[in-house]
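Protein chains in written order, with the numbering used here: chain A, 1 to 74; chain B, 75 to 227.
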Amino acid sequence: MSVRLVFLGRLADVAGVSAKEVAPGPLTDLLRGLPAGLLSPRVKLALNGMLVQAEGLVLDSGDELAFLPPVSGG
Amino acid sequence: MAADIRLLDQAFDPGAALAAFADAHQRAGGVTSFLGQVRGGDDVEALDLQHYAPLTLPGMEALGEEVLARWPLDGVLIWHRVGEMLPGDSIVLVAAAARHRRDAFEAADYAMDHLKSQSWFWKREKRAGQWHWIEPRVQDHADLARWNDPPEA
Chain A
1 MSVRLVFLGR LADVAGVSAK EVAPGPLTDL LRGLPAGLLS PRVKLALNGM LVQAEGLVLD
61 SGDELAFLPP VSGG
Chain B
75 MAADIRLLDQ AFDPGAALAA FADAHQRAGG VTSFLGQVRG GDDVEALDLQ HYAPLTLPGM
135 EALGEEVLAR WPLDGVLIWH RVGEMLPGDS IVLVAAAARH RRDAFEAADY AMDHLKSQSW
195 FWKREKRAGQ WHWIEPRVQD HADLARWNDP PEA
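Structural data, given as structure tokens:
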């Protein structure tokens, strides 16, 4: 099993894909293989549908982590 | 059903939706509504709205409950499109039914402000064949601040 990363909005352009499977582990390790700019103070993270902080985050097999840039609905 | 909350991936008929909503709330003395549609005439060829299933509809449902808790309403309707739309297409319909009009106006206004800048949608526009992501406007956040919400957790 792996971790599924999901990139919403403009972050799909930054990542070059809208979703990606990676090996489990600390978020900092997972980000090493990805383009810079996915994490910033304005980007929120949701782990399995719940908002979480990036600090100290460790992803397990089967987790889905979504990268959520500033929203614009309506 | 007091809250009618829908995330739609196909075009909808706002007139029919509003008529059905008003019919379902005949005790209400007033029904207000807001319809957002894709703006035409400024080079926008298409609009695309993305959502994230684990968050978007649950967030809209929570917004509906917030609105019902904040104003004495008979009902609230929040329908929001996702996917690709063309100028003139309906994006969002918000309606509120209440005994008195002021509550209905304020509830619909509140729901729209929260959909614009606090709900899980990402919008891009196609101009001259190129897609461009739309960032939230400063005005959207100013609109939201009018409601003095408790700070985010």
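A virtual CB, placed ideally from N, CA and C, is assigned to each residue, including glycine.
These numbers come from a predicted model, not from an experiment.
- If you look at B/Glu-119, you'll find it in the beta strand (DSSP E) that goes 118 to 125.
- Of the residues assessed, B/Gly-138 falls on the buried side of the cut-off, its CB having 16 or more other CB atoms within 10 angstroms.
- In this structure, the CA atom of B/Gly-133 is about 6 Å from the CA atom of B/Ser-193.
- Beta-bridge pairing by DSSP links B/Thr-130 to no other residue.
- Against A/Ala-15, chain B offers no close residue; the least beta-carbon distance is about 13 Å (beta-carbon pairs closer than 7 Å).
- Using a 10 angstroms sphere on the CB of A/Gly-56, the tally of other CB atoms stays under 16, which defines it as exposed.
- The shortest CA-to-CA distance from B/Lys-190 to any of B/Arg-144, B/Thr-106, B/Leu-81, B/Val-166 is the one to B/Val-166.
- A Cβ-Cβ contact shorter than 7 Å links B/Ala-76 with B/Leu-142.
- Residue environment for B/His-188: buried (at least 16 other C-beta atoms within 10 angstroms of its C-beta).
- Taking 8 Å as the upper bound on Cβ-Cβ separation, chain A lies near residues Leu-189, Lys-190, Ser-191, Gln-192, Ser-193, Trp-194, Phe-195, Trp-196, Lys-197, Arg-198 of the stretch 188 to 201 of chain B.
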